[in-house]
Amino acid sequence: MSNFFSNKWTKRVVALLGPVYTAFVVYFAYLSVYYNLVVLQPRQAVVLTSAVSLFALIVMLYTRETFITKLCSLILLPAMLLPLLMFFGQWGVLLPPLITALIIFFFSGIGETGKTIWGTIFLLLYLLGSLVYFVVTSMFAPSTVTTTVASGESPSGTYRFAVTETVDSSSGCTKVTVETTELDLVYDIARFEIKGLSKDVKIERPLNDSVTIEWQTENRQDITNQLNKISKNIEVTLSDAQMDMLDRDAYKVTFADGREMLLHQADYHALTIPLDASDQEWFETDKTEWPVDDMGTKSLARFGITVEDFRTVTLSSLTDEDLATLGIPESGDVMYYNGECVFRYYIAILEQYFDISKQELGLT
Numbered sequence: 016m017s018n019f020f021s022n023k024w025t026k027r028v029v030a031l032l033g034p035v036y037t038a039f040v041v042y043f044a045y046l047s048v049y050y051n052l053v054v055l056q057p058r059q060a061v062v063l064t065s066a067v068s069l070f071a072l073i074v075m076l077y078t079r080e081t082f083i084t085k086l087c088s089l090i091l092l093p094a095m096l097l098p099l100l101m102f103f104g105q106w107g108v109l110l111p112p113l114i115t116a117l118i119i120f121f122f123s124g125i126g127e128t129g130k131t132i133w134g135t136i137f138l139l140l141y142l143l144g145s146l147v148y149f150v151v152t153s154m155f156a157p158s159t160v161t162t163t164v165a166s167g168e169s170p171s172g173t174y175r176f177a178v179t180e181t182v183d184s185s186s187g188c189t190k191v192t193v194e195t196t197e198l199d200l201v202y203d204i205a206r207f208e209i210k211g212l213s214k215d216v217k218i219e220r221p222l223n224d225s226v227t228i229e230w231q232t233e234n235r236q237d238i239t240n241q242l243n244k245i246s247k248n249i250e251v252t253l254s255d256a257q258m259d260m261l262d263r264d265a266y267k268v269t270f271a272d273g274r275e276m277l278l279h280q281a282d283y284h285a286l287t288i289p290l291d292a293s294d295q296e297w298f299e300t301d302k303t304e305w306p307v308d309d310m311g312t313k314s315l316a317r318f319g320i321t322v323e324d325f326r327t328v329t330l331s332s333l334t335d336e337d338l339a340t341l342g343i344p345e346s347g348d349v350m351y352y353n354g355e356c357v358f359r360y361y362i363a364i365l366e367q368y369f370d371i372s373k374q375e376l377g378l379t
């Protein structure tokens, strides 16, 4: 049996578990940038992360002389920097992998010279990374005091909201922010809440000490009727993908000779104009053709081309069937702030408030 555990091939096979643990740590680092961590069951989280990290540590200590484990020992420490900065204070889930990373780095099969060099690099990485993070967050941190006075979820659980009060040198303000929960990652012991996609639906000055938030479930057609009563000229700007859903032409291109082309977005983005020698000199390129959608105003004027964008449409021009095609459910959540409607699921979907492509990098 001792020969089995000392066999190099046994160690190489067992060493394959190290990259699995390392991959989870790297994924955890990725999550720290784009999500906020909410631990739902602290005890279970500590037990689970400790157990998994202990098992991974035993495996990597057993296989510390293998190349795979040496490589993992060099990845774990820098990978833990982002979670430490972003999830600072969540020690129950941070300490087990951090301790594992430290122990396996010092006890791996890397030579003493290598450990000294890499250790110095990692120490500088942590010091400089922490300093840069502190400086950047301090630069963008408001000088005012902001307090969350109310929070919760919509009736369907699709949205969460927060009401914050800001006290400043002026009269202060009250702000209502809405986020989607559909992009959250929910597990039994923790929830990763998407960040960088919040929508401010109400900002009121001066500070309002009396705030009432009410949610209602309203019908799509009723909302359309309400908005059309306000104005028949309410405009919404659809994306290229939404225009494709409706099978509508998104652009109209008119050429110098009077020719007109009505194009779906894919055809428009593929449309190119041939370049002659003088055009190539003007564009400072050796390409023989140039995409129309890459042309600025001066470039279009040179060729006598005009482009009309049909993606901005009036809400009254969209039928109920069109709205359903665009993915707007028959009913959904509507928020009222002190009796005033400030958020409609209908508009959030139509205007793509929470499109993942609009996500901003979260530094806090």
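First residue of the sequence shown? That's 16 in the working numbering, and the numbers climb one at a time after it.
For every residue, glycine included, the Cβ atom is placed at its ideal position computed from N, Cα and C.
Cβ contact (3+ pairs, closer than 8 Å) linking the region 326-339 and the region 271-278: The region 326-339 makes no contact with the region 271-278, as fewer than three CB pairs between them are under 8 Å.
Take the Cβ of residue 334 as the centre, count every other Cβ of all protein chains shown within 10 Å, and call the residue buried at 16 or more, exposed below. exposed
So, helix, strand or coil for residue 259, using DSSP? helix
Are the region 285-300 and the region 217-233 in contact at 8 Å, needing three or more beta carbon pairs? no
Provide the residue(s) that pair with residue 287 in DSSP beta bridges, ordered along the chain. 306
Three-state secondary structure (DSSP) at residue 167? Reduced to three states, the DSSP call for residue 167 is strand.
For residue 41, which residues in the same chain have their Cβ closer than 8 Å to its Cβ, ignoring the five residues on either side in sequence? Hits under 8 Å: 90 and 94.
By the 10 Å Cβ neighbour count, where 16 or more other Cβ atoms means buried, how is residue 293 classified, buried or exposed? exposed
If distances are taken between C-alpha atoms only, which option among 63, 341, 192 and 69 comes closest to residue 358? Closest option to residue 358, Cα to Cα, is 192.
For residue 85, count the other beta carbons within 10 Å of its own beta carbon; 16 or more makes it buried, fewer makes it exposed. Which is it? buried
Mind listing, in chain order, the continuous beta strand (DSSP E) runs of no fewer than 3 residues lying wholly within the region 17-58? 50-54
Counting only the same chain and skipping the five closest in sequence on each side, list residues whose C-beta sits under 6 Å from that of residue 116. Cβ neighbours of residue 116 within its own chain (closer than 6 Å, five residues either side excluded): 91, 92 and 95.
Measure the Cβ-Cβ separation of residue 196 and residue 172 and say whether it is below 9 Å. yes
Residue of 106, 226 and 60 minimising C-alpha distance to residue 353: 226
When you compare each of 338, 355 and 332 to residue 246 by their alpha carbons, which one comes out closest? 332
Stretch pair the region 74-88 + the region 22-41: three plus CB contacts closer than 8 Å: When Cβ pairs closer than 8 Å are counted between the two stretches, the region 74-88 is seen to touch the region 22-41, the count reaching three or more.
Helix, strand or coil for residue 74? Go by DSSP, reduced to three states. helix
Does the structure place the region 303-317 close enough to the region 130-149 that three or more beta carbon pairs sit under 8 Å? no
Own chain partners of residue 105 with C-beta closer than 7 Å, once the 5 adjacent residues on each side are dropped: 52 and 54
For residue 250, which of helix, strand or coil comes out of DSSP? strand
Can you tell me whether residue 321 is helix, strand or coil according to DSSP? strand
What is the rounded straight-line gap between the Cα of residue 107 and the Cα of residue 60? Residue 107 and residue 60: Cα-Cα distance of roughly 7 Å.
Taking the DSSP output, what are the residues bridged to residue 232? 348
Just mark residue 176 as buried or exposed, buried being the case when its beta carbon has 16 or more other beta carbons within 10 Å. buried
According to the neighbour-count rule (16 or more other Cβ atoms, all chains shown, within 10 Å of its Cβ), is residue 249 buried or exposed? exposed
How would you call residue 369, buried or exposed, if buried means at least 16 neighbouring beta carbons within 10 angstroms? Around the C-beta of residue 369, 16 or more other C-beta atoms lie within 10 Å, and the residue is accordingly described as buried.
Which residues mark the beginning and the end of the beta strand (DSSP E) in which residue 205 is found? 205-209
Residue 364 versus residue 339 - alpha carbon distance: 11 Å
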